[in-house]
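In the numbering used here, the protein residues as written are 1398 to 1799.
C-beta atoms are modelled at their ideal positions from N, C-alpha and C, and glycine is treated no differently.
Predicted, not measured: the structure shown is a model, and the values here were computed from it.
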C-alpha cells in the first residue's frame, strides 16, 4: 500500500490533524523533541506546523524576477543584472552529454572541458552491473509501490522521455520520470550518498564559477560550500536540538591568507542516494517518485534548526537544495511572522493560544519545484536558472550587497 503523504496546505488542514492531546511542540514526548533532524517524523511535521504548496516549475519567490532577469532564458539582454560565460552555459544547457560518458575512462573525461563535472555525473549515473549478462525475467506486472522513492508525478527524467507540454521555454526543462524502471530503481538505491553530494557540489561549482561571471577583483565571491555544518538550537525549552546539512551555497570573503566564509547559508544542500518510495503504474507506463514523510521532515528539521540557530544571518526564509541521485529540486521555507514566538514557547497553554489566534501566523510555508535531472541538458538548464535566481533573490534582500 502506498504511504500516506503529508499534504496540509492551510491552518484548517493542520487543525484537522490534531486534537487537544496532540499537535503542538510541547505535546511531543521528550525523546521526540530532543531528536535531531535526521530522526524527525510525521509527528514533527504537524507539531512544527508545516504547510505545503503544490509543486511548481519556478518557485513563486523567483517567478517574476525569473521572467524579467534570467540571463539563461534572456541571453544578451541588457536588462539582465547577471552576466554569463556563453560557451560554458551552452555546454551544459544545450549540448548533449559526452558520447558514452558512463563507460569511458575518467582520464578521457578529464580531457574534456570541465571534465570534473562529467566525471561526477558519470559516477552517479553508472549502474553497478555484474560481469555476466543479466537476463530480465518476463512476468506479469501489477502497479506497485516500491520502497526506496511528496508526489512528483512530473519529475525530471533523462533525455529519452517526453517533455511535459508547457507555455514557456523554461518549463520545457521539466520532463516526466517515466523511464525509471523497478530494476534501475533498485540499482540507484545502492549508490553511495556521497556520490550525490559530490555531483551537486560539482554542478554548483560549474554554475557559480564557470557559467556566472563574478567580479574577479571583488572582496567576495559566491561559492559552493562543501563542508557539512551542524546547527544546534533551543526549541520549546529544549537545548541543543541538532541538524547537519550536506553542504550548501555560501558567500566567501577574501582575506590576507585566502578566503573565509562570510555567510554559509544562502542555501542548504540535503542529499539522498535514492527516493524512498516510487510508484510504478503499468497501466499508464509511468513512475511517480514519492518523497517520504520522514525525508520531508528531515528537510523541515534542517531548515527550522538552521534558521533558529542563525537568526543574525537568516530573516524569515531558508532555501534548501534537495538532491537525490542525479535529480535536484529547490525548496523554499518561509517562516510565519509569529513562528519564532511559537517555537520559543515552553508550554501547551501558550502554544495553544498562539496557534488559535487567527491574527497570528505560526506556520512554516513550504514550496518546492519539480525535480530537475542533471543528466539532461534541459534539467541542468532548469537547475541553473534557479541557482542564479537564488542569488538575485538574496541580492534583492540585502545579503549580497556590499
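Around the beta carbon of residue 1656, fewer than 16 other beta carbons lie within 10 angstroms, which makes this residue exposed. Contact between the region 1409-1420 and the region 1689-1700 is absent: fewer than 3 CB-CB pairs across the two stretches fall below 8 angstroms. Listed as beta-bridge partners of residue 1609 by DSSP are 1481. Residue 1667 sits buried, since 16 or more C-beta atoms from the chains shown fall within 10 Å of its C-beta. Under the three-state reduction of DSSP, residue 1416 is assigned to strand. Following the DSSP letters along the chain, one finds residue 1750 inside the alpha helix (DSSP H) bounded by residues 1745-1753. Rounded to the nearest whole angstrom, the C-alpha separation of residue 1633 and residue 1776 is 41 angstroms. Non-local beta-carbon contacts of residue 1699 in its own chain, meaning distances under 7 angstroms to residues more than five positions away in sequence, involve 1434, 1640, 1642, 1665, 1667 and 1717 in chain order. Distance from residue 1626 to residue 1648 at the Cβ level is roughly 14 angstroms; contact not present, criterion being Cβ atoms closer than 8 angstroms. Here the C-alpha atom of residue 1760 lies approximately 14 angstroms from the C-alpha atom of residue 1704. Residue environment for residue 1695: buried (at least 16 other C-beta atoms within 10 angstroms of its C-beta). Excluding its 5 nearest sequence neighbours in each direction, residue 1726 has C-beta neighbours in its own chain below 6 angstroms: 1719, 1765, 1766 and 1768, listed in chain order. For residue 1428, the number of other beta carbons within 10 angstroms of its own is below 16, and it is reported as exposed. Around the beta carbon of residue 1652, fewer than 16 other beta carbons sit within 10 angstroms, so the residue counts as exposed.
Only buried fits residue 1593, as 16 or more other CB atoms lie within 10 angstroms of its CB. Between residue 1425 and residue 1444 a beta carbon distance of about 5 angstroms is seen, short of the 8 angstroms cut, so the two are scored as contacting.
Judged by their CB atoms, residue 1785 and residue 1797 are not nearer to each other than the 8 angstroms cut-off.
As summarised for the region 1412-1460, the continuous alpha helix (DSSP H) elements at least 4 residues long and confined to that stretch are 1427-1431 and 1439-1444, given in chain order. With fewer than 16 other beta carbons inside 10 angstroms of its own, residue 1753 counts as exposed.
In this structure, the alpha-carbon of residue 1644 lies about 24 angstroms from that of residue 1485.
For residue 1660, no alpha helix (DSSP H) run applies; the uninterrupted beta strand (DSSP E) run containing it begins and ends at 1655-1669, by DSSP.
Under the criterion of beta carbons closer than 8 angstroms, residue 1617 and residue 1659 qualify as touching, at roughly 7 angstroms. It is roughly 19 angstroms from the alpha-carbon of residue 1619 to the alpha-carbon of residue 1729.
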